[in-house]
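Undergrad: Encoded as structure tokens, here's the structure I'll be asking about.
Numbering (our numbering), first residue to last: -9 to 283.
The structure is reproduced here in structure tokens:
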């Protein structure tokens, strides 16, 4: 059994397709198929079964999945420990962050890391991406995410975590579109065209819950996955937007956008860097943690 075979199995399990897994691993589909057949033959058990046009792990494969993940994790740890003996940090560190944090939180951290470790290459991945599975399988070294402050303790039980910034999520608009002198109720806010992130976004879900608790359903006029698109719409006086303060802080200072006070807001989130707890001996990760403030 080889690490390459196990990585192929985990990729096919995650993607549900040999072709997609082959694209991600930069291998030919025939190579992936051959590795899976060799692995199944060596273990003498069926590892996959067909599901329509895709394939999925068999019951036996699912039972073995945690062992395969641990096998792959151990290989990566051995390589990392070996790298630690080589002195100056080289190679690659891979991070996930949502687009808002990629733009407004990561540049300063990356600049510090490159000054400290100039030979260390940094790879960034943003949504849509299953960062939790990627962390478990060691496909990435760390993720920078935003969590509700009330849910931080739950996240910190699963991962190693380092707090970065308190991230208020606010309603904002052009002063020529709306300038409320007193806080709006949800009922009043609901009369305006609202522009938000997509429904899967964690701070959009906080707004959805706020609306439901107030007896309303949040139905945005527009929703986008990119915070920069939302900001452009607000500057064009198209509605009231829901965004992290860090995204619009400069525009609020200049007066081109204003915060709209709404009862029950801001929604309080915390940006924090999460990583597998068992990988604290990784010098590249340690260097990143030391600079993450």
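By construction, the Cβ of each residue, glycine as well, lies at the ideal position given by its N, Cα and C atoms.
If you drop the 5 nearest sequence neighbours on each side, which residues of the same chain put their C-beta closer than 7 Å to that of residue 14?
TA: Looking up residue 14 in the chain shown gives position 24. For residue 14, where only same-chain residues beyond five positions count, the Cβ hits under 7 Å are 1, 5.
Undergrad: With DSSP as the reference, label residue 234 as helix, strand or coil.
TA: For the purposes of this step, residue 234 is taken as the residue at position 244 of the chain shown. DSSP places residue 234 in strand when its eight states are reduced to three.
Undergrad: Any contact between the stretch 184 to 194 and the stretch 270 to 280? By contact I mean 3 or more CB pairs, one from each, below 8 Å.
TA: Contact between the stretch 184 to 194 and the stretch 270 to 280 is absent, because fewer than three Cβ pairs lie under 8 Å.
Undergrad: Ignore the nearest five residues each way along the sequence and tell me which others in residue 110's own chain have a CB closer than 8 Å to its CB.
TA: The sequence position of residue 110 within the chain shown is 120, counting from 1. Taken in chain order, the residues that qualify are 79, 80, 81, 82, 83, 103, 104, 274, 277.
Undergrad: Alpha carbons only, please: which of 40, 43, 91, 12 is nearest the one belonging to residue 233?
TA: Numbered from its first residue, the chain shown carries residue 233 at position 243. Among 40, 43, 91, 12, the Cα nearest to that of residue 233 is on 91.
Undergrad: Quick one: residues in its chain with C-beta nearer than 6 Å to the C-beta of residue 235, no 5 flanking neighbours on either side, listed in chain order?
TA: Sequence index remark: in the chain shown, residue 235 carries index 245 (1-based). Same-chain partners within the cutoff: 158, 160.
Undergrad: Using CA coordinates, which residue listed in 165, 280, 238, 250 is at the minimum distance from residue 94?
TA: Walking along the chain shown from the start, residue 94 turns up at place 104. The option with the nearest alpha carbon to residue 94 is 238.
Undergrad: Please list, in chain order, all residues of the same chain as residue 281 whose beta carbon is under 8 Å from its beta carbon, the five residues on each side excluded.
TA: What you label residue 281 is simply residue 291 of the chain shown in a count that begins at 1. Cβ within range, chain order: 99, 102, 103, 106.
Undergrad: Quick one, are the C-beta atoms of residue 206 and residue 252 less than 8 Å apart?
TA: Your numbering for residue 206 matches position 216 in the chain shown. Your numbering for residue 252 matches position 262 in the chain shown. It is not a contact, given that the beta carbons lie outside the stated cut-off.
Undergrad: Could you spell out the range, first to last residue, of the beta strand (DSSP E) harbouring residue 35?
TA: Walking along the chain shown from the start, residue 35 turns up at place 45. Unbroken run through residue 35: none, as it is neither H nor E.
Undergrad: Residue 161 by DSSP, collapsed to three states: which one?
TA: If you number the chain shown from 1, residue 161 lands on position 171. It is a strand residue.
Undergrad: Leaving out five residues on either side along the sequence, give the residues of the same chain with a beta carbon under 8 Å from the beta carbon of residue 120.
TA: Stepping through the chain shown from its first residue, residue 120 is reached at position 130. 4.
Undergrad: Straight-line CA distance for residue 213 to residue 124?
TA: Here residue 213 corresponds to residue number 223 of the chain shown, with the count starting at 1. Here residue 124 corresponds to residue number 134 of the chain shown, with the count starting at 1. Looking at the two C-alpha atoms, the distance is approximately 27 Å.
Undergrad: With 16 other CB atoms within 10 Å as the buried threshold, where does residue 172 fall?
TA: Mapped onto the chain shown, residue 172 falls at position 182. Counting Cβ neighbours within 10 Å, residue 172 comes out exposed, since fewer than 16 surround it.
Undergrad: Can you check DSSP and say which residues form a bridge with residue 134?
TA: The residue you call residue 134 lines up with position 144 of the chain shown. In the DSSP output, where bridge partners are listed per residue, residue 134 has 263.
Undergrad: Does the stretch 250 to 268 come close enough to the stretch 124 to 135 that 3 or more CB-CB pairs lie under 8 Å?
TA: Contact holds: three or more Cβ-Cβ distances are below 8 Å.
Undergrad: Leaving out five residues on either side along the sequence, give the residues of the same chain with a beta carbon under 7 Å from the beta carbon of residue 132.
TA: In the chain shown, residue 132 corresponds to position 142, counting from 1. 85, 263, 264, 265, 275, 278, listed in sequence order.
Undergrad: Mapping DSSP to helix, strand and coil, what is residue 167?
TA: As a working mapping, residue 167 is identified with position 177 in the chain shown. Note: residue 167 maps to coil in three-state DSSP.
Undergrad: Enumerate in chain order the residues of its own chain whose CB-to-CB distance from residue 230 is below 8 Å, with the five nearest sequence positions on each side excluded.
TA: Here residue 230 refers to the residue found at position 240 when the chain shown is read from its first residue. Counting only Cβ-Cβ distances below 8 Å, and skipping sequence neighbours, we find 161, 162, 163, 167, 168, 179, 182, 183, 184, 185, 224, 250.
Undergrad: If I measure Cβ to Cβ from residue 199 and keep anything under 7 Å in the same chain, skipping five residues before and after, which residues do I get?
TA: As a first step, residue 199 is located in the chain shown; it is residue number 209 there, counting from the start. Contacts found: none.
Undergrad: Starting from residue 209, trace the beta strand (DSSP E) in both directions and tell me its first and last residue.
TA: Start at 1 with the first residue of the chain shown, and residue 209 comes out as number 219. Element bounds for residue 209: n/a, residue is neither H nor E.
Undergrad: Give me the Cβ distance between residue 139 and residue 38, rounded to the nearest whole Å; I'm assuming they're in contact under 8 Å.
TA: Here residue 139 is taken as the residue at index 149 of the chain shown, counted from 1. Here residue 38 is taken as the residue at index 48 of the chain shown, counted from 1. Not confirmed; about 42 Å, so no contact.
Undergrad: Judging by CA-CA distance, which residue of 211, 165, 196, 226 is the nearest neighbour of residue 255?
TA: Taking the first residue of the chain shown as position 1, residue 255 is located at position 265. Among 211, 165, 196, 226, the Cα nearest to that of residue 255 belongs to 196.
Undergrad: Grab the span of the alpha helix (DSSP H) containing residue 180 for me, first residue to last.
TA: Locating residue 180 in the chain shown gives position 190, where the first residue counts as 1. Run containing residue 180: none; DSSP gives neither H nor E here.
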